[in-house]
Amino acid sequence: MDSNLILSNILNPPVLFFFLGMLAVFVRSDLEIPNPLPKLFSLYLLVAIGFKGGHELFESGLSPMIISTLLAAVFMASIVPVYSFFILRVKLDNYNAAAIAATYGSISAVTFITASSLLDKIEIPYGGHMVAALALMESPAIVVGLVLVRIFTPKALDISVDEKHDRDDTDNKHHKDEVDNKNNKDEADNQETSWGEVLREAFLNGSVLLLIGSLITGVLTGGDGWTKVHLFVEKDLFYGALMFFLLDMGLVAARRIQDLQKTGMFLISFAILMPLANALLGILLAKLVGMGEGNSLLFAVLCASASYIAVPAAMRMTVPEANPSLYVSMALAITFPFNIIVGIPLYLQTIKLLGV
Amino acid sequence: MDSNLILSNILNPPVLFFFLGMLAVFVRSDLEIPNPLPKLFSLYLLVAIGFKGGHELFESGLSPMIISTLLAAVFMASIVPVYSFFILRVKLDNYNAAAIAATYGSISAVTFITASSLLDKIEIPYGGHMVAALALMESPAIVVGLVLVRIFTPKALDISVDEKHDRDDTDNKHHKDEVDNKNNKDEADNQETSWGEVLREAFLNGSVLLLIGSLITGVLTGGDGWTKVHLFVEKDLFYGALMFFLLDMGLVAARRIQDLQKTGMFLISFAILMPLANALLGILLAKLVGMGEGNSLLFAVLCASASYIAVPAAMRMTVPEANPSLYVSMALAITFPFNIIVGIPLYLQTIKLLGV
Amino acid sequence: MDSNLILSNILNPPVLFFFLGMLAVFVRSDLEIPNPLPKLFSLYLLVAIGFKGGHELFESGLSPMIISTLLAAVFMASIVPVYSFFILRVKLDNYNAAAIAATYGSISAVTFITASSLLDKIEIPYGGHMVAALALMESPAIVVGLVLVRIFTPKALDISVDEKHDRDDTDNKHHKDEVDNKNNKDEADNQETSWGEVLREAFLNGSVLLLIGSLITGVLTGGDGWTKVHLFVEKDLFYGALMFFLLDMGLVAARRIQDLQKTGMFLISFAILMPLANALLGILLAKLVGMGEGNSLLFAVLCASASYIAVPAAMRMTVPEANPSLYVSMALAITFPFNIIVGIPLYLQTIKLLGV
Amino acid sequence: MLQPVKKVEIIVSYLEVPAVLKILKKNSIRGYTVINNVSGSGEHGYSGDDLITNSYIMIICTDLEMAEKLSNAMQPLLKKLGGIFIITDAQWIAH
Amino acid sequence: MLQPVKKVEIIVSYLEVPAVLKILKKNSIRGYTVINNVSGSGEHGYSGDDLITNSYIMIICTDLEMAEKLSNAMQPLLKKLGGIFIITDAQWIAH
Amino acid sequence: MLQPVKKVEIIVSYLEVPAVLKILKKNSIRGYTVINNVSGSGEHGYSGDDLITNSYIMIICTDLEMAEKLSNAMQPLLKKLGGIFIITDAQWIAH
Ligand SMILES: Nc1ncnc2c1ncn2[C@@H]1O[C@H](COP(=O)(O)O)[C@@H](O)[C@H]1O
Ligand SMILES: Nc1ncnc2c1ncn2[C@@H]1O[C@H](COP(=O)(O)O)[C@@H](O)[C@H]1O
Ligand SMILES: Nc1ncnc2c1ncn2[C@@H]1O[C@H](COP(=O)(O)O)[C@@H](O)[C@H]1O
Ligand code: NA
Ligand code: NA
Ligand code: NA
């Protein structure tokens, strides 16, 4: 692999701050970014990429290539959880398999932003519509994950189930089908409410809404709005906020690493190999669509990344039988650092090799 | 009305973000800006407009026109609560009438800022002394409101009153004079403390102090200080912060809308018609003083806007007999969105028509 | 003293905001910057000066003069607590003497930043390596303070000591040697843990780690990283954040002033005279090393300033027998404002007089 | 002047607060207090600090039976999603 | 080693905290704990979240009579401005 | 369904929270809740608001003896660094 690319990626202030955050936890420093400050940075980053993407979409307009890209995005977001589920079922019960599958079908906006900051640095162009692709890929996996649970454990979504799944975080047993699914009188009722909630959670959760809202604002306010606020959403301020957010992500990811002991080799391998496979599939699809170098990298990164905010929140409420410390830790403590450090330059190298 | 003006006002990123916040509540999204982040934006906005106003005052110096404008500001802030009180007394008890009157006599800094961002956009100039007018208009209404309570319910300000007003938020009865005002032995004592507190609350509350402090800093540090920090207090960063703050205001205002059911048509009409009347009066006064287009709009907006921070905080402590959910909801869920969306372009149109 | 220098220092927006914060407390305004917002500003300021210093170090490289400066910094940070301790022992017990000594041996980053903002204003250059000096001066005093306690009260660091020092905040008795030091069976054990903790607390506490991490990031990412984020870490945004942080420091310092009643004249004098002595020593050393005007001022300010964050946190855990309200109040309510208002211009004047 | 009451304390993920408030509403309980941004550890591992925090909800019940009624209404939610529900005896000033 | 105490818990608007602390001072109570940024609902409707939040104040009284004395001192404030005041029996480690 | 438990409440400087959690771990206590950013006043003067804040820790002990065992384990820390430790009787829903 081109060692310049790796260096370019790592010698980026935001990525170095991710290491600094991890280091702080490893040496047991008391460095912390207290709540709700991390939320400030994540709200800001969503608004910034949304608005910037919207502005670029306003400039470029819709083209057939853009529409193909968006379709490809929805396709990948729907198909990844399906094959992930069947792979995971080999070792896990349906609940955990579905929750992890949904996690990997969805995306991580910060991984996307870090990749775009590498593209900025080495001056490879990319399109604003990739933000729309990002927004479109957040939600479908949540719905697919739930459909899978419904098909394979038909009574699972009953919100007033009387027996609690005996989750056991202390050892590594995730037996299949060990959950007792009693029928309940007002099941039908509850399932309906549950579905309404699920769809709202999937498509109207805070980050999706803010991202799409900012995108539309960027489109609607056109060149005028851009002149007013562009220095707020791009350049130095954007990189600065990304530095702080990745510092926090480093702290959070490193704290999660101890949870990995309970995860087992199967899931640790999954958390590295699945992103690689998804990225490769994404790159091939990107070649097919003819996205160009920059957009292909962003698309690969979307396919490779896993959600650690929207999906965990949705799964915790809708598949409570699954163990959150599994899917959050995998996404956050393995896949996220892997993509940030190794994945991004690797995917770009592959794109260059394949001549996408 | 000039539809360009309306579009210009609405297609402003901050105003669109206000709609986004309201939308988030209506579709029951979990989007939120957790405490105390909104406080960060409001502190910043106060400092920014204060400092910017101070700098412009430093550049322009004091002129007779500026002094007339400031006198007009104090005049309006003192007179609006008086006539509002008598109108409100037709349907409400003295306590609620005085509290709502004070709310409408004072101002909303964010409405002012939004109006100034429209003026920036359509390139109509305005003066830094309008910030001084804003600062002068925050407090008088609090004092006038209390004087009205004292005159019309002479024993009301007694801080250790023994009987609690039987406030009832669930239905819409705000009977007049239903409060029992027992005399209390150490009344005189308490009234004095109370007055001291009231005046401090009115003139030294956090936002007034920060605004005036920033204004004076802007004047004192002159061109030098301005060169150092102007990109901190104006342009992109300022608009960005305004976007976030209006996003939050959208969330907060929409959450308050359900409270309006209890408010009744009289108060809902008041919350729209009173701003219109106050704006018109303000515009006529502005014409008299000869303020010019930009300053006239800002003056009209100050007259038309209602306070939802400083005055409610003061009223809650000093007229506890009044129902906060009435005056906060009216100011926040009706008058504020009305001014932001309809009022600002309407007042500007009127100013253009009247040739102010 | 050159009155222009004093005016230049005071008519700086950040310093005026410090006064504004103090004023708010004195007039009992409810102005406040709620937690954890002040933490946002302090994290930002550390990152900004670290990154900026690192970039300048990258540009200048290491020179013999820089190395002498860093050695001088460590020397002062180690020697100041020693002589301070012996002076303080005249009136205080060993615990309080050591804790206060450590406080004055360490530094205040905000005082340093305020001094550098004066240098910017009057256009005197200074080097990025001074940030490295700052980082090096934070920690040694913590260790020296503990060594002093260990030498003079040999059993003091025992973490499971059974008798609690009868601290008394309400009157002003700080008798010497009144603490009963019982031996405890697992003392050796505990002392080891304690030392490990102390060293970690000293050298890996959050602010030191963030500062050094940002410095190294600035060095590693070179000109490229600088182009990306320089407007995030310097100029308007930096001054703006400093304004807000000093506003908060004004609030916090003024609230601490009432604690000074319990402090007594000896400590109040110490809190003014010791900075003066340390600054003078620093200036002489700077002359010896040949640091130049700007660096000499920053060095003097580092010597003169006292820690109110890192050291108090360390002392509270490791010398719990000492009274935190003494050392925090002295550093925060006397030495900090003294340096900000009087000290900085005075030290600069002295440097000019001595022709450093 | 002091009157016996039951103090109910609930700790759940912040995601579940709307569901709890809905249950309160169903039982016509209008008075409650919420502390957000609470961290903790329990059967479901560690929550807080980073992505998903807990909330603490306190309800003073002047109607003594209400506390137990509420405990029944909360059972399914607690069974399904975990959390804490405790009741303490207290006295309050009826003002 | 364990000693009976009274735990007093007060919930009021954050605007009233200075007034409550003044009352504590008048009664020579030096130990208390405050949690700010608490939201809630009561007779005065919803507070929190947006503009005016509540504060939670806890006072451990080793002097058992003090709790009731405090309840008397707090009565007028609670009557006038609303809020919660409860007393619970507890035990503490005198250290 | 309701089962008696002991509620332990601890208030210490936020700097000491890791030490307290270590003690909990030593006593095999996995369930606890922490509220950070709490201010207060006690023997060591005022904490909070500015530089050093307190934390509030709550532990529900289903094993009734555990509360007192914990109080013994916490004694040295409290003696040395101050703070509050109280135990209250409560009932909880075993779910
Ligand atoms: N024994 C306990 N004492 C105090 N808080 C607890 C206890 N068990 C659980 N919690 C709190 O309740 C939350 C959810 O509990 P769980 O569902 O058991 O993971 C935890 O994150 C803690 O904040
Ligand atoms: N029954 C209750 N249980 C718990 N908290 C309450 C209760 N009633 C009121 N509160 C709290 O006290 C605050 C003021 O109460 P009120 O004056 O009744 O509106 C509310 O905003 C709640 O935070
Ligand atoms: N009597 C009390 N009631 C409630 N909280 C207290 C009391 N005494 C101390 N505290 C809390 O415990 C912290 C440390 O106490 P201390 O070590 O006594 O200064 C204080 O800052 C308060 O938050
Ligand atoms: Na993915
Ligand atoms: Na008005
Ligand atoms: Na020093």
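Residue numbers (full-length UniProt numbering), protein chains in the order written: chain A, 1 to 356; chain B, 1 to 356; chain C, 1 to 356; chain D, 1 to 95; chain E, 1 to 95; chain F, 1 to 95. Ideal Cβ positions, reconstructed from N, Cα and C, are used throughout, including at glycine. Quick caveat, the model's predicted, so the values are computed rather than measured.
Strictly under 8 Å for the Cβ-Cβ distance: is residue 14/F near chain D by that measure?
One-based indexing of the sixth sequence puts residue 14/F at position 14. Answer no: the Cβ-Cβ gap between residue 14/F and chain D never drops below 8 Å.
Only counting the same chain, and skipping five residues up and downstream in sequence, which positions put a Cβ closer than 7 Å to that of residue 12/C?
Counting from one through the third sequence, the residue named residue 12/C turns up at place 12. Result list for residue 12/C: 117, 118 and 121, in chain order.
Return yes when at least one heavy atom of ligand 3 lies under 7 Å from the C-beta of residue 42/F, else no.
Working through the sixth sequence from its first residue, we reach residue 42/F at position 42. It does: the Cβ of residue 42/F is within 7 Å (strictly closer) of some heavy atom of ligand 3.
Which value, in whole angstroms, describes the spacing of the CA atoms of residue 97/F and residue 12/F?
There is simply no residue 97/F to check, as chain F begins at 1 and stops at 95 in what is shown.
Answer yes if the stretch 41-55 of chain A comes into contact with the stretch 238-245 of chain A, meaning at least three C-beta pairs across the two stretches below 8 Å, and no otherwise.
At 8 Å Cβ cutoff, the stretches touch.
For a contact defined as C-beta to C-beta under 7 Å, what are the partners of residue 313/C on chain F?
For the purposes of this step, residue 313/C is identified with residue 313 of the third sequence, where counting begins at 1. Per Cβ cutoff of 7 Å: 15 and 52.
Is the shortest distance between the beta-carbon of residue 150/C and the beta-carbons of chain F less than 8 Å?
Position 150 of the third sequence, counted from the first residue, corresponds to residue 150/C. Chain F contact via Cβ: absent.
Count the CB pairs spanning the stretch 203-212 of chain C and the stretch 18-37 of chain A that are closer than 8 Å, and state whether there are at least three.
yes
Can you tell me which of the three DSSP states residue 33/B falls into?
Here residue 33/B is taken as the residue at index 33 of the second sequence, counted from 1. Taken through DSSP and simplified to helix, strand or coil, residue 33/B comes out as coil.
Taking only the alpha-carbon atoms, compute the straight-line gap between residue 233/C and residue 246/B and give it to the nearest angstrom.
Position 233 of the third sequence, counting from 1, holds the residue named residue 233/C. Position 246 of the second sequence, counting from 1, holds the residue named residue 246/B. Their backbone Cα atoms lie some 27 Å apart in a straight line.
Cβ closer than 7 Å: which chain B residues qualify as neighbours of residue 384/C?
Outside the displayed span of chain C (1 to 356) sits residue 384/C, for which this structure offers no information.
Between the beta-carbon of residue 301/A and the beta-carbon of residue 111/A, is there less than 8 Å?
As a first step, residue 301/A is located in the first sequence; it is residue number 301 there, counting from the start. As a first step, residue 111/A is located in the first sequence; it is residue number 111 there, counting from the start. Cβ distance < 8 Å, so residue 301/A and residue 111/A count as in contact.
Taking the continuous alpha helix (DSSP H) assigned at residue 62/F, which residues delimit it?
Counted from its first residue, the sixth sequence places residue 62/F at position 62. It is not in any alpha helix (DSSP H) - residue 62/F carries neither H nor E in the DSSP assignment.
CA-CA distance, residue 86/E and residue 93/F?
Looking up residue 86/E in the fifth sequence gives position 86. Looking up residue 93/F in the sixth sequence gives position 93. Each residue's alpha carbon lies about 22 Å from the other.
Would you call the CB atoms of residue 15/B and residue 257/B closer than 8 Å?
Your numbering for residue 15/B matches position 15 in the second sequence. Your numbering for residue 257/B matches position 257 in the second sequence. No, they are not a contact pair.
Please confirm whether any heavy atom of ligand 2 lies closer than 7 Å to the CB of residue 71/E.
If you number the fifth sequence from 1, residue 71/E lands on position 71. No, ligand 2 has no heavy atom inside 7 Å of this Cβ.
Tell me whether the stretch 138-147 of chain C and the stretch 18-33 of chain D touch, counting them as touching only if at least three CB pairs, one residue from each stretch, are closer than 8 Å.
no
Measuring CA to CA, which of 6/B, 20/B and 52/B is closest to residue 228/B?
Position 228 of the second sequence holds residue 228/B. Comparing Cα positions, the closest option is 52/B.
Counting beta carbon pairs with one atom in the stretch 120-134 of chain C and one in the stretch 16-26 of chain C, are three or more of them shorter than 8 Å?
As far as the Cβ criterion goes, the stretch 16-26 of chain C does not touch the stretch 120-134 of chain C, which means the pair count is below three.
Looking at residue 55/E and ligand 2, is the gap between the Cβ and the nearest heavy atom below 7 Å?
The residue you call residue 55/E lines up with position 55 of the fifth sequence. Result no, Cβ not under 7 Å from ligand 2.
What's the C-alpha gap between residue 90/B and residue 293/B?
Taking the first residue of the second sequence as position 1, residue 90/B is located at position 90. Taking the first residue of the second sequence as position 1, residue 293/B is located at position 293. Answer to the nearest angstrom: the Cα atoms are 36 Å apart.
Residues of chain F with CB closer than 8 Å to the CB of residue 2/E, please, in chain order.
Translated into positions along the fifth sequence, residue 2/E becomes position 2. What residue 2/E touches in chain F: 68, 71 and 87.
Return yes when the Cβ of residue 344/C is within less than 8 Å of the Cβ of residue 9/C, no when it is not.
The count along the third sequence starts at 1 and reaches residue 9/C at position 9. The count along the third sequence starts at 1 and reaches residue 344/C at position 344. In this structure, residue 344/C lies closer than 8 Å to residue 9/C by Cβ.
Along the chain, where does the alpha helix (DSSP H) that runs through residue 275/B open and close?
Position 275 of the second sequence, counted from the start, is the residue given in the question as residue 275/B. Its alpha helix (DSSP H) spans residues 264-289.
Rounded to whole angstroms, what is the Cα-Cα separation between residue 297/A and residue 325/B?
Numbered from 1 along the first sequence, position 297 holds the residue referred to as residue 297/A. Numbered from 1 along the second sequence, position 325 holds the residue referred to as residue 325/B. If you take the alpha carbons of residue 297/A and residue 325/B, they lie about 52 Å apart.
If the cut is a Cβ gap below 7 Å, which residues of chain F does residue 91/E touch?
Taking the first residue of the fifth sequence as 1, we reach residue 91/E at position 91. Simply 86 and 87.
Going by Cα to Cα distance, which pick from 107/C, 290/C, 214/C and 149/C is closest to residue 243/A?
The residue given as residue 243/A occupies position 243 in the first sequence. Of the listed residues, the one whose Cα sits closest to residue 243/A is 214/C.
Would you report the Cα separation of residue 85/A and residue 282/A, rounded to the nearest angstrom?
The sequence position of residue 85/A within the first sequence is 85, counting from 1. The sequence position of residue 282/A within the first sequence is 282, counting from 1. Roughly 18 Å separates the two Cα atoms.
Determine the direct distance from the alpha carbon of residue 322/C to that of residue 316/C, and round the result to whole angstroms.
Numbered from its first residue, the third sequence carries residue 316/C at position 316. Numbered from its first residue, the third sequence carries residue 322/C at position 322. Cα to Cα, residue 316/C sits roughly 8 Å from residue 322/C.
With 7 Å as the C-beta to C-beta threshold (strictly closer), list the residues of the stretch 195-215 of chain B near chain C in chain order.
200, 204, 205, 206, 209, 210 and 213
Along the chain, where does the beta strand (DSSP E) that runs through residue 97/D open and close?
This structure does not reach residue 97/D, given that chain D is present from 1 up to 95, and the question cannot be answered.
Taking its Cβ as the centre, do 16 or more other Cβ atoms sit within 10 Å of residue 62/A, making it buried, or is it exposed?
As a first step, residue 62/A is located in the first sequence; it is residue number 62 there, counting from the start. Looking at its Cβ environment, which holds fewer than 16 other Cβ atoms inside 10 Å, residue 62/A is exposed.
For chain D, check one thing: does any of its Cβ atoms lie closer than 8 Å to the Cβ of residue 24/E?
Counted from its first residue, the fifth sequence places residue 24/E at position 24. False, the Cβ-Cβ gap to chain D never drops below 8 Å.
Just to check my reading of the structure: residue 33/D and residue 37/E have Cβ atoms closer than 8 Å, yes? What is that Cβ distance to the nearest angstrom?
Position 33 of the fourth sequence holds residue 33/D. Position 37 of the fifth sequence holds residue 37/E. Going by Cβ atoms, the distance from residue 33/D to residue 37/E rounds to 12 Å, so no, they are not a contact pair.
Does the beta carbon of residue 7/D come closer than 8 Å to any beta carbon on chain E?
Walking along the fourth sequence from the start, residue 7/D turns up at place 7. So, interface residue.
For residue 125/A, which residues in chain C fall below 7 Å Cβ to Cβ?
Translated into positions along the first sequence, residue 125/A becomes position 125. Ordered by position in chain C, no residue passes the 7 Å Cβ test against residue 125/A, which lies about 17 Å from the chain.
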